[in-house]
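Here the structure is laid out as structure tokens; the discussion comes afterwards.
In UniProt numbering, the protein residues as written are 1 to 386.
Okay, structure coming up:
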């Protein structure tokens, strides 16, 4: 009898501190999935989440059965959420509520800080995160219900802060468009973050909302190098398509922001000025950046990817990361987690500021308004006579 996986209690997986001479990021257990099975994906492995009692790793018991395993395919299940607006009280971000139409993200960006959230579903933050997706088809209806609550007070809703609302499955499900239709009718402000050119599909709604100061869009441009983009963000829009989407949004009068995010030292930090210049020529007037974040499982997934694709840069990249994270791979401290600390972090920030100043970016920040908000009428609510 041939086995494709083996369950272990607390497997002895130890991330390396020094990659020199190490053929695999995890020398004690081989966790990497065969390249053909994960073709077009970002993560190298599919290790169990941190809450699981068992870990499953692929191994060959001598029957060469690994070749019979099917490739990872994208599946979409229904997420039956009762509410769609998520609240937060983080002091270092500019919003207190957000919406995520999908769980998991097919873009497969290896650095995605949202990957650990899949562990709450009993799934892997690795390949499961980018192949086993969950959609909230009733999100527009739930949103309208929440906006109609008597005690609801409007403030900007952020969308795309966890997983991308315009990932490929949005073409079929159109949940994001339904959400925008609800927000437009209610006169509710929204800020969108994406790295997909699909956002241009909804320019008709966004342009109407922008005329009333109800919408703004930020697109993340991580690199202009097509090879690096394909390797690091395998199913996201190409850099030229993102720049074209920024141009279309700006031409339509929609406030646009280019996000150089994440900035990865010794990998894409040299492109900061070029990315900002390309975005400015596309009509963008605002810009921001975020330093690479490696919380929880993301650290090991990024290590695997770096060793598989850029082994010669591994030691240098992590040395610089630790220099900007107070000697650690990640520091979750509010106020510094987005920008880092130390000389290297200061230099990146200063380069960004100088480039923005030269290009005329961030001279004026777009502000959204709640002055147009009109609470949707509930299904059983009597209309006013006057």
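Even for Gly, the Cβ is constructed at its ideal location relative to N, Cα and C.
In whole angstroms, what separates the C-alpha of residue i from that of residue j?
i, j, result
"residue 239", "residue 377", "42 Å"
"residue 253", "residue 151", "33 Å"
"residue 124", "residue 357", "42 Å"
"residue 223", "residue 243", "11 Å"
"residue 147", "residue 114", "26 Å"
"residue 278", "residue 101", "30 Å"
"residue 52", "residue 119", "8 Å"
"residue 374", "residue 316", "54 Å"
"residue 295", "residue 329", "8 Å"
"residue 190", "residue 89", "18 Å"
"residue 34", "residue 308", "12 Å"
"residue 359", "residue 274", "11 Å"
"residue 364", "residue 221", "21 Å"
"residue 268", "residue 261", "10 Å"
"residue 172", "residue 179", "15 Å"
"residue 104", "residue 347", "34 Å"
"residue 207", "residue 112", "29 Å"
"residue 163", "residue 82", "19 Å"
"residue 165", "residue 50", "26 Å"
"residue 195", "residue 219", "5 Å"
"residue 174", "residue 246", "21 Å"
"residue 343", "residue 205", "44 Å"
"residue 311", "residue 210", "45 Å"
"residue 226", "residue 270", "15 Å"
"residue 76", "residue 154", "31 Å"
Which of the three DSSP states, helix, strand or coil, is assigned to residue i?
i, result
"residue 184", "helix"
"residue 221", "coil"
"residue 310", "coil"
"residue 169", "coil"
"residue 254", "coil"
"residue 264", "coil"
"residue 233", "coil"
"residue 303", "helix"
"residue 179", "helix"
"residue 55", "strand"
"residue 50", "coil"
"residue 115", "helix"
"residue 215", "strand"
"residue 330", "coil"
"residue 24", "Annotation note: pLDDT 42 at residue 24 (below 50); position unreliable, no value reported."
"residue 372", "coil"
"residue 247", "helix"
"residue 242", "helix"
Which same chain residues end up closer than 8 Å to residue i when comparing Cβ atoms and leaving out the 5 residues on each side of it in sequence?
i, result
"residue 241", "197"
"residue 106", "74, 130, 131, 133, 167, 168, 169, 235"
"residue 250", "256, 282, 283, 284, 285"
"residue 127", "33, 38, 41, 43, 45, 46, 72"
"residue 36", "71"
"residue 367", "213"
Which two residues bound the contiguous alpha helix (DSSP H) that contains residue i?
i, result
"residue 315", "314 to 324"
"residue 33", "It is not in any alpha helix (DSSP H) - residue 33 carries neither H nor E in the DSSP assignment."
"residue 135", "Per DSSP, residue 135 belongs to no alpha helix (DSSP H); it is in the beta strand (DSSP E), 132 to 135."
"residue 208", "203 to 211"
"residue 276", "272 to 281"
"residue 287", "That residue, residue 287, is in no alpha helix (DSSP H); its beta strand (DSSP E) goes 286 to 291."
"residue 348", "343 to 359"
"residue 150", "Segment: none, residue 150 is in no alpha helix (DSSP H) and carries neither H nor E."
For residue i, which residues in the same chain have their Cβ closer than 6 Å to its Cβ, ignoring the five residues on either side in sequence?
i, result
"residue 95", "156, 158"
"residue 86", "98"
"residue 351", "272"
"residue 372", "187, 212"
"residue 369", "213"
"residue 182", "140, 143, 144"
"residue 237", "196, 197"
"residue 192", "159, 160, 217"
"residue 355", "273, 276"
Given residue i, which residues of its chain have a CB within under 7 Å of its CB, disregarding the five upstream and five downstream residues?
i, result
"residue 110", "42, 43, 232, 301, 302, 305"
"residue 419", "The requested residue 419 does not occur in the structure, where the chain is confined to residues 1 to 386."
"residue 331", "325, 337"
"residue 341", "324, 326"
"residue 266", "313, 316, 317, 320"
"residue 91", "334"
"residue 345", "291, 324, 339"
"residue 184", "205, 208, 209"
If I follow the unbroken beta strand (DSSP E) through residue i, where does it start and stop?
i, result
"residue 191", "190 to 194"
"residue 85", "85 to 87"
"residue 75", "75 to 78"
"residue 99", "97 to 99"
"residue 157", "157 to 159"
For residue i, decide whether its Cβ has a neighbour in chain C, counting only Cβ atoms nearer than 7 Å.
i, result
"residue 282", "Absent from the structure: chain C. Only one protein chain is present."
Roughly how far, in whole angstroms, is the beta-carbon of residue i from the beta-carbon of residue j, given that I think they are within contact range, below 8 Å?
i, j, result
"residue 263", "residue 290", "7 Å"
"residue 78", "residue 137", "6 Å"
Is the beta carbon of residue i within less than 6 Å of some heavy atom of the ligand HEM?
i, result
"residue 192", "This structure lacks the ligand HEM, and indeed carries no ligand of any kind."
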